[in-house]
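What follows is one structure encoded as structure tokens, with my remarks underneath.
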Amino acid sequence: MKGFFITLEGPDGGGKTTQAKLLLEFLEEQGRPGLHTVEPGGTEIGRAIRALVLNPRWRQMASRTELLLMAADRAQHVAEVIRPALAAGLVVVCERYVDSSLAYQGYGLGEDLRLIDQANELAAGGLLPDLTIVLDVEPATALARTACRTQRDRIEGRGLEFQARVREGYQKLCAAFPERMHLISAEGDVKAVHRRIAELVASRIPGRG
Ligand code: TYD
0 MKGFFITLEG PDGGGKTTQA KLLLEFLEEQ GRPGLHTVEP GGTEIGRAIR ALVLNPRWRQ
60 MASRTELLLM AADRAQHVAE VIRPALAAGL VVVCERYVDS SLAYQGYGLG EDLRLIDQAN
120 ELAAGGLLPD LTIVLDVEPA TALARTACRT QRDRIEGRGL EFQARVREGY QKLCAAFPER
180 MHLISAEGDV KAVHRRIAEL VASRIPGRG
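Numbered per numbering that gives the first Met the number 0, the sequence shown finishes at 208, counting up by one with no gaps.
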């Protein structure tokens, strides 16, 4: 069986982890074993990079440094986890991937989108998702969902305007790549959002055999 690569994207507090878990249960029921993974931090090396890149202590981190740390995390993740899983025929469900770099470091921080494409190319070696689901949510709703966390990380702490630029970036990416990227409203009931995701995935994923 051929592997299938799904990425979940969207703002912090959009419910990606909950939806990834529900999607994996759905896939299992369909007889398609999956692998749940995340960026940044899907490998041991990646978890060390995550701790560095999200640490609020590093207020002076340049946006270019942030971009390259995300790319380094991705390079390790693609080599160690994603490519082997796809080669083994698994459905990979990955929270965040190349589009996070475009939305956050590009639309959010203003880094040159062409440079980000190059960093993504370097990290992922051209491996693009078969399907990308962007969970769209009002920045204020998303921020409220992360408010209960004891300490916001360096990127979450950037506030509403930043999150609004990220959201707009995702919307532009979805418009530019309508085949691969789909915007799904993440407001409201968790189960209703899951049903929308499951329907989309079922219509895209090739049958077994
Ligand atoms: P994530 O683990 O999804 O955060 P949370 O679980 O708190 O929602 O992602 C951590 C942060 O990293 C998030 O604020 C988005 C950011 N990020 C980028 O800025 N660029 C990237 O390329 C990636 C993968 C993540």
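The beta carbon of each residue, even a glycine, is placed where N, CA and C say it ideally should be.
Residues bridged to residue i [DSSP beta-bridge criterion]
{"i": "Val91", "result": "Phe4, Leu34"}
{"i": "Ile154", "result": "Per DSSP, none; premise fails for Ile154."}
Beta-carbon proximity of residue i to residue j, cut-off 7 Å
{"i": "Ala123", "j": "Val77", "result": "yes"}
{"i": "Ala102", "j": "Gly168", "result": "yes"}
{"i": "Phe25", "j": "Asp129", "result": "no"}
{"i": "Phe176", "j": "Gly107", "result": "no"}
{"i": "Val136", "j": "Leu182", "result": "no"}
{"i": "Val80", "j": "Gly41", "result": "yes"}
{"i": "Gly265", "j": "Ala197", "result": "This structure leaves residue 265 out entirely; the chain is present only between 0 and 208."}
{"i": "Asn119", "j": "Ser99", "result": "no"}
{"i": "Pro138", "j": "Leu159", "result": "yes"}
{"i": "Thr131", "j": "Asp11", "result": "no"}
{"i": "Ala185", "j": "Glu94", "result": "no"}
{"i": "Ala74", "j": "Leu34", "result": "no"}
DSSP state of residue i mapped onto helix, strand, coil
{"i": "Asp135", "result": "strand"}
{"i": "Ile183", "result": "strand"}
{"i": "Leu108", "result": "coil"}
{"i": "Leu126", "result": "coil"}
{"i": "Phe25", "result": "helix"}
{"i": "Ile204", "result": "coil"}
{"i": "Glu178", "result": "coil"}
{"i": "Tyr96", "result": "coil"}
{"i": "Gly14", "result": "coil"}
{"i": "Asp188", "result": "coil"}
Where the alpha helix (DSSP H) containing residue i begins and where it ends
{"i": "Leu67", "result": "62-76"}
{"i": "Val80", "result": "That residue, Val80, is in no alpha helix (DSSP H); it is neither H nor E in DSSP."}
{"i": "Glu209", "result": "Outside the modelled stretch of the chain, which goes from 0 to 208, sits residue 209, for which no answer is possible."}
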